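Note that the protein sequences, when read in sequence, are chains A and B. Taking our numbering, I'd label the letters of the first sequence as residues 3 to 305. Taking our numbering, I'd label the letters of the second sequence as residues 3 to 305. From the three backbone atoms N, C-alpha and C, an ideal C-beta is built for every residue, glycine too. Since we're looking at a predicted model, the values are computed, not measured. Report on the structure given below.
There are 2 protein chains.
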Amino acid sequence: MTFRKVAIIGLGLLGGSIGLAIRQHLPGVRTSGYDNDPAVRLRATERGLAQEIAGSAAEAALGADLVILCVPVGAMEHAAKELSGALEPGTLVSDVGSSKQSVSAALAKALPPGQPIIPAHPVAGTEHSGPDAGFAALFHNRWCILTPPEGADPAQVAALSEFWTALGAMVEVMTAEHHDLVLAVTSHIPHLIAYTIVGTASDLEDVTRGEVIKYSAGGFRDFTRIAASDPVMWRDVFLNNREAVLEMLGRFTEDLTAMQRAIRSGNGDALFDLFTRTRAIRRSIIEQKQDDARPDFGRGDHG
Amino acid sequence: MTFRKVAIIGLGLLGGSIGLAIRQHLPGVRTSGYDNDPAVRLRATERGLAQEIAGSAAEAALGADLVILCVPVGAMEHAAKELSGALEPGTLVSDVGSSKQSVSAALAKALPPGQPIIPAHPVAGTEHSGPDAGFAALFHNRWCILTPPEGADPAQVAALSEFWTALGAMVEVMTAEHHDLVLAVTSHIPHLIAYTIVGTASDLEDVTRGEVIKYSAGGFRDFTRIAASDPVMWRDVFLNNREAVLEMLGRFTEDLTAMQRAIRSGNGDALFDLFTRTRAIRRSIIEQKQDDARPDFGRGDHG
């Protein structure tokens, strides 16, 4: 492993999981961590999310050859500025943010010219957040996308790739622009839709909130799971990946309008065609082990 | 238990689960079953989904004091007609369909005047379908909604309620009209949205299907799970609960448009407010045991 000391800034679900995954998979690599919230730092110490919990971002970054920013994408620039004075010229700065064009720009702006920067995004998570949410296996069999800027050092791209592979992830390299488009579809729009429908259901007058909760096993509860994700993180994602999100949202609403028309006009064939087509993509996701085939609406104890 | 013999017409996920649940929870009750598909009948025999697998719906209904139709809602009228000649005057006819006004009307039309009818809807299911999908615990801790028509015999409502309670369900009684509105929100719209976004993602030109699959762990895969549900069943639901679905879809798209505007104008507060509000409903669902709190995006092996 190229990196001897990794500094983790932000000790929530992602940062904490990285610390625990390093402890499990790369026991020779030292870790330091920092979080703006003192309560999080305390809990991180108790759980051992990093070997050393520092009193500032700069202190955590001292002597690190890899710094990973695990804060909401709207806080990246500020976090990078806080620690920029502590970086050695060769220290690689990376992150785990869900939008990459904005983070790339923020880091380039905050850090000294020439500081190596390779943004990254491990496509993994749960609906839980905070220092108790992380676990070492979070990245197992998940994809981590690297978006090196033009002119990035291939040796550092390889080193970061090796790092994520060691934590159990599979690595893919693409441009920040393409990343933002792909994730708008596979992550951002699903979250936006889930948040919205849960909001719609909470505000109805003719159906009570109690009824929505009681009968949520009909499908709705899966949306509430996604809609329980961290609000600050997600606010920042939508503000920072605005164009791709609006583009994909436009395509979704066009398709939804077509479905609405099919229902209104009683066009059962159009509905049946779509409902059949969508099964194939589910099969591929299971084949590629990005989900498992156990029935889940029933949740547990199937005979 | 009031019922001595229950006939189950349609031996997919719901019908099969009822058969297995009766065997487990009501061993004194006899069961007969029928499915239009000979391959399903064969598999139902092998799995013992009912004690006797009959050669026709009418044969299955002979001597039953409760007949439960477990076919897609668009097939209810036909199934009821097929067996109506075999019914005794006091035999209670029920069903498990996801829309209740249309089923109520279909059964009343197909069955002899005066035949007792109490439509029902156990709000339970998985994304799997067919004779291999059922399991005895499917109804445990799930709500079953009865929608007795005006003038229904209270003793039969009580008997059907007792039956579902014995299978592990909790029972609620409401009008068919209200049922259709509630389920439009908690089940039908979530399914429609999930089918649609999975369709949108499958058809993109600038993001490949392979990429959608690889990065589905970002949230998308939860929608593919729902969108893998039985296409015939769901086509029929949308055609048969058209008004309530269109009404709720209208409210959802209004809210989605407001979110779109918030993203476009960079209104982070509006996004944050919604994303915070939606967490409360998730907590209530977990408190009421309609879902569990284990993190699920990670799917298994959290340390």
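Item	Value
Compare the beta carbon distance of A/Phe-141 and A/Ser-231 with 8 Å and say whether it is the shorter of the two.	no
Mind listing, in chain order, the continuous alpha helix (DSSP H) runs of no fewer than 4 residues lying wholly within the segment 155 to 215 of chain B?	156 to 168, 178 to 185, 191 to 204
So, is the C-beta of B/Leu-276 closer than 8 Å to a C-beta in chain A?	yes
Under the three-state reduction of DSSP, which class applies to B/Ile-283: helix, strand or coil?	helix
Provide the residue span of the alpha helix (DSSP H) that contains A/Thr-259, from first to last.	244 to 266
Is the beta carbon of B/Ile-199 sitting closer than 8 Å to the one on B/Phe-240?	no
Decide if A/Ala-63 is buried, meaning its Cβ has at least 16 other Cβ atoms within 10 Å, or exposed.	buried
Look at the alpha carbon of A/Phe-254 and the alpha carbon of A/Gly-21, and state the distance between them as a whole number of angstroms.	37 Å
Can the beta-carbon of B/Ile-2 be found closer than 8 Å to that of B/Ser-104?	Because residue 2 of chain B is not part of the residues shown, which for chain B are 3 to 305, the question remains open.
Kindly indicate the opening and closing residues of the alpha helix (DSSP H) around B/Asp-224.	222 to 228
Within a Cβ cutoff of 6 Å, which residues of the same chain sit near B/Ala-138, ignoring the five residues on either side of it in sequence?	Leu-22, Ala-23, Gln-26
By the DSSP assignment, the alpha helix (DSSP H) with A/Lys-111 in it spans what residues?	103 to 112
What residue from B/Leu-44, B/Ile-10, B/Val-175, B/Leu-16 has the CA that sits closest to B/Leu-94's CA?	B/Ile-10
Expressed to the nearest angstrom, what Euclidean distance is found between the alpha-carbon atoms of B/Ala-77 and B/Leu-13?	14 Å
Report the residue ranges of all alpha helix (DSSP H) runs contained in full by the segment 26 to 114 of chain A; include only those spanning at least 4 residues, in chain order.	40 to 49, 59 to 63, 78 to 86, 103 to 112
Determine the chain B residues that contact A/Pro-74 at a beta-carbon separation under 7 Å, and present them in chain order.	The premise fails here: A/Pro-74 is roughly 11 Å from chain B at the closest Cβ pair, so nothing lies under 7 Å.
Which residues bound the beta strand (DSSP E) around A/Leu-148?	145 to 148
Considering just the uninterrupted stretch of the beta strand (DSSP E) at A/Val-8, what are its terminal residues?	7 to 11
Between A/Val-187, A/Asp-39, A/Gly-17, A/Val-31, which has its C-alpha nearest A/Leu-51's C-alpha?	A/Gly-17
Does the pairing of the segment 282 to 292 of chain B with the segment 209 to 229 of chain B give three or more beta-carbon distances under 8 Å?	no
Going by the beta-carbon positions, is the gap between A/Pro-192 and B/Gly-221 smaller than 8 Å?	yes
What does the alpha-carbon distance come out to for the pair A/Val-173 and A/Leu-251?	27 Å
Just to confirm my understanding: we take B/Trp-166, look at its own chain, exclude 5 residues before and 5 after, and list those with CB closer than 6 Å. What are they?	Cys-146, Val-173
Provide the residue(s) that pair with A/Ile-119 in DSSP beta bridges, ordered along the chain.	A/Val-95
Kindly indicate if chain B contains any beta-carbon less than 8 Å away from that of A/His-304.	In this predicted model, A/His-304 has a pLDDT of only 45, less than 50, meaning its place in the structure is not dependable; the value taken from the coordinates is given anyway. So, interface residue.
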